[in-house]
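Numbering (this note's numbering), first residue to last: 1314 to 1494.
We treat Cβ as the ideally placed atom computed from N, Cα and C, and that holds for glycine.
Below is one structure, written out as structure tokens, with a few remarks after it.
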């Protein structure tokens, strides 16, 4: 099974400055998120980045903005589910995607609600488990268990990346392999 890059959007949820000190294992989550962003850029996967109330919570944390392209859409929101934002719904609709790869914070709030809404809308949802986190580890674990029970594909970041890559014969293989290492 592969995930077609041209039918996929990476949704990076609320990886913002003010959250960083409070999030459990934030550095590991950020490292996995950076791999996803770099691989998406390399393979031409569309990216939507959300920021929860950025005036109060700050911008997307470095190094993620390094991987933004001219097509990366950055969306401010107040709703917990990204689908509560009209701008997000429009971006996803215009992308024509059928697959959503989800990463970010917090697992049990914005990530969970976005993943549930995406699955309810008929998207194939792939949650990069090591690229999500919460303030409390148990909140993350409970969210992942719940999402699995609702049909969300909970996977490792590398698994998601290699499912999009599809084959070692891909023209992106060597560059993606460097990102992973």
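Self-check item: Delimiting residues of the beta strand (DSSP E) encompassing residue 1364
Solution: First-last of the beta strand (DSSP E) with residue 1364: 1359 to 1365.
Quiz item: Closest to residue 1391 by CA distance: which of 1319, 1411, 1349, 1363 is it?
Solution: Among 1319, 1411, 1349, 1363, the Cα nearest to that of residue 1391 belongs to 1363.
Quiz prompt | N-terminal and C-terminal residue of the beta strand (DSSP E) that residue 1440 is part of | solution = Start and end: 1437 to 1446.
Self-check item: Strand pairing of residue 1412, partner residues [DSSP]
Solution: Answer is 1321, 1437.
Quiz prompt | Beta carbon of residue 1325 nearer than 9 Å to that of residue 1384 | solution = No, these two residues do not count as a Cβ contact at 9 Å.
Quiz item: Going by the beta-carbon positions, is the gap between residue 1470 and residue 1353 smaller than 9 Å?
Solution: No; because the gap between Cβ atoms is not below 9 Å, this pair is not in contact.
Quiz item: Do residue 1341 and residue 1489 have their C-beta atoms within less than 9 Å of each other?
Solution: For residue 1341 and residue 1489, no; Cβs fall outside 9 Å.
Quiz prompt | Nearest-angstrom beta carbon gap, residue 1416 and residue 1500 [assumed within contact, 8 Å] | solution = With the chain represented from 1314 up to 1494, any question about residue 1500 goes unanswered, as that position is not in the structure.
Exercise. Can you give me the start and stop residues for the alpha helix (DSSP H) that residue 1467 sits inside?
Key: Where residue 1467 is concerned, there is no enclosing alpha helix (DSSP H), although the beta strand (DSSP E) it sits in stretches over 1466 to 1468.
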